[in-house]
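Novice:
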């Protein structure tokens, strides 16, 4: 894949606020995770160097940026016939004023480095005032690469305090799993284990969400685990592999990246075949224990229906959402991903092309070829 060349030393001039954006130096990249963990939001696993480098298997190029002392992980995405843009899982700010300050500094740096648009996806909760501020500055909300809605669990304190925040149902299933002999193990991300995980994930995801190809998934699992920021988990019942999951951690935050389980029927994602053993809850508890060992304070269960649609049985993630609510009954709605044009004409062209693709994916005959979900998701109606 042809990408624009990195230009060392390119720096944005102060945009009036005194903030300066620049490319990270090699010595800073060597200690990248430490910088990310010091960001105001406490860090986020998608911004780790290992995860960013694993994106190369998906045809993306990681880039490491600073605005003042804020470490920003970006993926350079090539769009045929249009150019390249930055997709940023963040930046790691906690309020809209800081977000705007950082973006103002990034725009001239992006322009100097051949980037036609910037997409930011901060962990700022959804709010009418925040949205109005971004719209007034000419930002456009667009489709996120991560999630707009999630269930985030407070995992600070003792084991007893963490368990006490779960629902009675979740605690009961965790105990049931132990009583029924469910064993959750932390396993190496070998090629074979990654394949076993992938096979379960493919059956689980069918008709509901897109998953990366096996080589890309394996690259992510292995690189992040080797860096100490990821862990593959297997759950066995009566010596049979019944579930697999992968978690990541960085700084104060841990994240449930993917999970999968055996199906009642091969190729049928309508329900799992775990029976009444509490396997899913046991896996989550072990991943939380792993996160707590590194000092994480929150556990992002990564993806759910919005708070508006969490109880809608027609939502394609309804079952997933109900399961996650047993760990925390509150859904967190984020402001989502926002497109910041650097070159307005090319940015608009990409935006309209993506809207067309999303509309086409509503048709099952199209979604079969693209691998996207044709089921109606009311949380995406704003984009269509």
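Numbering (the numbering used here), first residue to last: 63 to 446. Quick reminder that beta carbons are idealized off the backbone N, C-alpha and C, glycines included.
DSSP three-state label for residue 445, please.
Specialist: Within the chain shown, numbered from 1, the residue matching residue 445 stands at position 383. The answer is coil: DSSP assigns residue 445 none of H, G, I, E or B.
Novice: Only counting the same chain, and skipping five residues up and downstream in sequence, which positions put a Cβ closer than 6 Å to that of residue 81?
Specialist: For this step, residue 81 is matched to residue 19 along the chain shown. Correct list, in chain order: 129, 130, 163, 167.
Novice: Which value, in whole angstroms, describes the spacing of the CA atoms of residue 382 and residue 174?
Specialist: Residue 382 sits at position 320 when you count from the first residue of the chain shown. Residue 174 sits at position 112 when you count from the first residue of the chain shown. Looking at the two C-alpha atoms, the distance is approximately 43 Å.
Novice: Is the separation between the beta-carbon of residue 441 and that of residue 369 shorter than 8 Å?
Specialist: Locating residue 441 in the chain shown gives position 379, counting from the first residue. Locating residue 369 in the chain shown gives position 307, counting from the first residue. Not a contact, by the Cβ cut-off of 8 Å.
Novice: Can you tell me whether DSSP reads residue 222 as helix, strand or coil?
Specialist: Here the question's residue 222 lines up with position 160 in the chain shown. In the structure shown, residue 222 sits in a helix (DSSP, three-state: H, G or I).
Novice: When the Cβ atoms of the segment 105-113 are set against those of the segment 278-291, are three or more pairs found closer than 8 Å?
Specialist: Contact between the segment 105-113 and the segment 278-291 is present, because at least three Cβ pairs lie under 8 Å.
Novice: Who are the Cβ neighbours of residue 262 in its own chain at under 6 Å, not counting the five residues just before and after it?
Specialist: To locate residue 262, count along the chain shown from 1; it is residue 200. Excluding sequence neighbours, residue 262 sits near 306, 322.
Novice: Could you tell me the distance, in whole angstroms, from the CA atom of residue 303 to the CA atom of residue 400?
Specialist: Here residue 303 is taken as the residue at index 241 of the chain shown, counted from 1. Here residue 400 is taken as the residue at index 338 of the chain shown, counted from 1. Between residue 303 and residue 400, the C-alpha separation is close to 40 Å.
Novice: Within 10 angstroms of the Cβ of residue 355, are there 16 or more other Cβ atoms? Answer buried if so, exposed if not.
Specialist: Here the question's residue 355 lines up with position 293 in the chain shown. With fewer than 16 Cβ atoms within 10 Å of its Cβ, residue 355 is classed as exposed.
Novice: Could you give the DSSP three-state label for residue 191: helix, strand or coil?
Specialist: Numbered from its first residue, the chain shown carries residue 191 at position 129. Of the three classes helix, strand and coil, the one that applies to residue 191 here is helix, per DSSP.
Novice: Which residue wins for smallest C-alpha separation from residue 257, given the options 276, 184, 395?
Specialist: Mapped onto the chain shown, residue 257 falls at position 195. When only C-alpha atoms are compared, the closest one is 276.
Novice: Taking only beta-carbon positions, decide if residue 385 is within less than 8 Å of chain D.
Specialist: The structure shown contains no chain D; it is built from a single protein chain.
Novice: Helix, strand or coil for residue 368? Go by DSSP, reduced to three states.
Specialist: If you number the chain shown from 1, residue 368 lands on position 306. The answer is coil: DSSP assigns residue 368 none of H, G, I, E or B.
Novice: Compute the Euclidean distance between the alpha carbons of residue 27 and residue 363, then round it to the nearest angstrom.
Specialist: The structure shown does not extend to residue 27, since the chain is modelled only from 63 to 446, so the question has no answer here.
Novice: In terms of residue numbering, what span does the alpha helix (DSSP H) encompassing residue 352 cover?
Specialist: In the chain shown, counting from the first residue as 1, residue 352 sits at position 290. Its alpha helix (DSSP H) spans residues 341-355.
Novice: For a minimum of 3 consecutive residues, which ranges assigned as the beta strand (DSSP E) are wholly contained in the segment 147-198?
Specialist: If we require 3 residues or more, the beta strand (DSSP E) runs fully inside the segment 147-198 come out as 177-182.
Novice: Please look up how many angstroms separate the CB atoms of residue 389 and residue 244, rounded, as I've assumed it's under 8 Å.
Specialist: For this step, residue 389 is matched to residue 327 along the chain shown. For this step, residue 244 is matched to residue 182 along the chain shown. Actually they are not in contact, since the Cβ atoms of residue 389 and residue 244 sit about 17 Å apart, beyond 8 Å.
Novice: Please work out which residues of its chain come closer than 6 Å, Cβ to Cβ, to residue 402, disregarding the five sequence neighbours upstream and downstream, and give them in chain order.
Specialist: Here residue 402 corresponds to residue number 340 of the chain shown, with the count starting at 1. Taken in chain order, the residues that qualify are 165, 180, 201.
Novice: Which residue wins for smallest C-alpha separation from residue 232, given the options 143, 113, 340, 317?
Specialist: Here residue 232 refers to the residue found at position 170 of the chain shown. Ranking the options by Cα distance to residue 232, first place goes to 340.
Novice: Tell me which residues share the same chain as residue 177 and place their Cβ nearer than 7 Å to its Cβ, disregarding the 5 neighbours each side in the sequence.
Specialist: For the purposes of this step, residue 177 is taken as residue 115 along the chain shown, with counting starting at 1. Answer for residue 177: 146, 147, 148, 404, listed in chain order.
Novice: For residue 343, does the count of other Cβ atoms within 10 angstroms reach 16, so buried, or fall short, so exposed?
Specialist: Taking the chain shown and counting its residues from 1, the one referred to as residue 343 is at position 281. Label assigned to residue 343: buried.
Novice: Out of curiosity, what's the CA-to-CA distance linking residue 227 and residue 411?
Specialist: Position 165 of the chain shown holds residue 227. Position 349 of the chain shown holds residue 411. So the alpha carbons of these two residues sit roughly 47 Å apart.
Novice: Between residue 284 and residue 309, how many whole angstroms is the CB-CB distance? I'm expecting something under 8 Å.
Specialist: Counting from one through the chain shown, the residue named residue 284 turns up at place 222. Counting from one through the chain shown, the residue named residue 309 turns up at place 247. That pair is no contact at about 15 Å.
Novice: Given residue 4, which residues of its chain have a CB within under 6 Å of its CB, disregarding the five upstream and five downstream residues?
Specialist: Outside the displayed span of the chain (63 to 446) sits residue 4, for which this structure offers no information.
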